[in-house]
Ligand code: URA
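In the working numbering, the protein residues as written are 2 to 436.
The following block contains the structure:
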């Protein structure tokens, strides 16, 4: 077996054997296969695609290329969730404590934000002292004792995916469904979850432009889960606007606290109940897979304050200042808050999430390179969402900025992100693909 034969076989439309895929992945990680051959192989896969069996073999080769977490160690089977990158997506901050408050252990490995997409780790680091660099031993011990843990991604988790993803990024091979599905699922499998809810976004700013493409990607990932012995459900959700009313790290933590206190915006509340409901279903906590059953339990945990208490506990367990959860006004705040009125009468038809993400990136809420620092205080708050009515001059959104000039640019960009209509149209709810 050698790399050239494997590249040629895929180039000519052949089907690779498990051993050939394993050979290529481990050879690349061991630096026995150079970048130029790996790049050629990725491009052949991009053009020819992969069968379900090949995609599963690639996922497992990536997942086992480094350390694999026994995240269920002593805590019972865990459930996890993954979002394929949405602007203003603070679902993890809400759903993790909510599901843990229902007695289901949750262990999550989250990333930092890159480009317009925010990362859960960055958001939580808005809280003074919160640590996300847990060792595997700390991760497992906290899960066992407290049933909830959230850590940043260690370099040892699916390292082959990290290397191949960096190469895909510079060779035009990111948007291959087989490569994306195996990349996403390899990290979930390596992190040990038995049940996984995937939130696959489509539309402006998402990896998948249309619902059809998102559905196809979701089916591939559900199949990978089946092959790897994990229960997977995929939710397809529209990104016709940012999720919830805020974009920006500390602003999103505040909104998560409000939502856990039962005072969140309707779209975010509903989205979190859908994701958490499926997590409970996968964990076997619903009668006859009945989601209404899950919903009642989740609503009860929100109303009683237990879910918010679990977020506070998570913060304190990982070195954070729990007082900031009790007093969210003490989280980082930007010196400039610029309120922007509606430029016309009408109904909000869309808020281009990608434009909003770019504007917040320019304000300093995100980073273009992995090593760059971010400003936790800045971002945007939306007073009107898709389907809402506004009269000219009424509050539309606010920009939170560090400098006046930054605020000017963001106001212009976000104003242009709005589209208007004379009728109210609400975005569609999520579609579920059950595994
Ligand atoms: N997220 C990932 O982890 N991998 C991809 O290929 C795309 C999105």
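Ideal Cβ positions, reconstructed from N, Cα and C, are used throughout, including at glycine.
Pairing residue 165 with residue 288, the inter-Cα distance amounts to about 42 angstroms. With contacts defined by Cβ atoms closer than 9 angstroms, residue 91 and residue 197 do not form a contacting pair.
Considering only 84, 216, 176, 226, the residue with the shortest C-alpha distance to residue 191 is 226. Its chain contains 83, 222, 235 as the residues whose beta carbon lies nearer than 6 angstroms to that of residue 199, once the 5 sequence neighbours on both sides are disregarded; these appear in chain order. Only residues of its own chain outside the window of five on either side were considered, and among them 337 have a CB closer than 7 angstroms to the CB of residue 405, listed in chain order.
Pairwise C-beta distances place the stretch 163-182 in contact with the stretch 203-221, as three or more of them are shorter than 8 angstroms. The Cβ atoms of residue 387 and residue 417 lie no closer than 9 angstroms to each other. Taking all protein chains in view, the Cβ of residue 16 is surrounded by fewer than 16 other Cβ atoms within 10 Å, so the residue is classified as exposed.
With distances taken between CA atoms, residue 43 lies nearest to 8 out of 8, 185, 333. Every residue with a CB closer than 5 angstroms to a heavy atom of ligand 1 is listed here in chain order: 181, 184, 185.
If you look at residue 233, you'll find it in the beta strand (DSSP E) that goes 232-239. Three or more beta-carbon pairs separated by less than 8 angstroms link the stretch 297-308 to the stretch 261-268, which places the two stretches in contact. With a cut-off of 8 angstroms on Cβ pairs, the stretch 15-29 is not in contact with the stretch 146-158, counting fewer than three such pairs.
Per DSSP, the beta bridge partners of residue 199 are 83, 235.
Sixteen is the threshold: when 16 or more other Cβ atoms of the shown chains lie within 10 Å of the Cβ of residue 315, as they do, the residue is buried. Within the same chain, and ignoring the five residues on either side of residue 422 in sequence, the residues whose Cβ sits closer than 6 angstroms to its Cβ are 348, 350. For secondary structure counted as the beta strand (DSSP E) over 3 or more consecutive residues, the stretch 94-149 holds these complete runs in sequence order: 107-111. Excluding sequence positions up to five before and after residue 397, its CB lies within less than 7 angstroms of the CB of 341, 342, 343, 384, 385, 391, all in the same chain and listed in chain order. Under DSSP, residue 401 shares a beta bridge with 338, 380. Under a 10 Å Cβ-count criterion, residue 47 is classified as buried, with 16 or more other Cβ atoms of the shown protein chains found around its own Cβ.
The Cβ neighbour count for residue 414, taken over all protein chains shown within 10 Å, is at least 16; the residue is labelled buried. Taken in chain order, the complete alpha helix (DSSP H) segments of 4 residues or longer contained in the stretch 276-335 are 292-304, 307-318, 324-327. With a cutoff of 9 angstroms on beta-carbon distance, residue 284 and residue 431 are scored as not near each other. Under DSSP, residue 348 takes part in a beta bridge, and its partners are 390, 422. When the beta-carbon positions are compared, residue 332 and residue 183 stay at least 9 angstroms from each other. Each residue's CA atom was taken as its position, placing residue 278 and residue 293 some 8 angstroms apart.
Around the beta carbon of residue 372, fewer than 16 other beta carbons lie within 10 angstroms, which makes this residue exposed. DSSP places residue 358 in the helix class (H, G or I) of the three-state scheme. In the structure shown, the three-state DSSP call for residue 54 is helix. Its chain contains 4, 8 as the residues whose beta carbon lies nearer than 7 angstroms to that of residue 38, once the 5 sequence neighbours on both sides are disregarded; these appear in chain order. When the Cα atoms are used, residue 269 and residue 2 turn out to be separated by approximately 51 angstroms. Around the Cβ of residue 357, a 10 Å sphere holds 16 or more other Cβ atoms; the residue is buried. Residue pairing of residue 435 in beta bridges, as defined by DSSP: 234. By the 16-neighbour rule on beta-carbons within 10 angstroms, residue 21 is buried.
Between the beta-carbon of residue 362 and that of residue 254 there is about 18 angstroms, and that puts the pair past the 8 angstroms contact cut.
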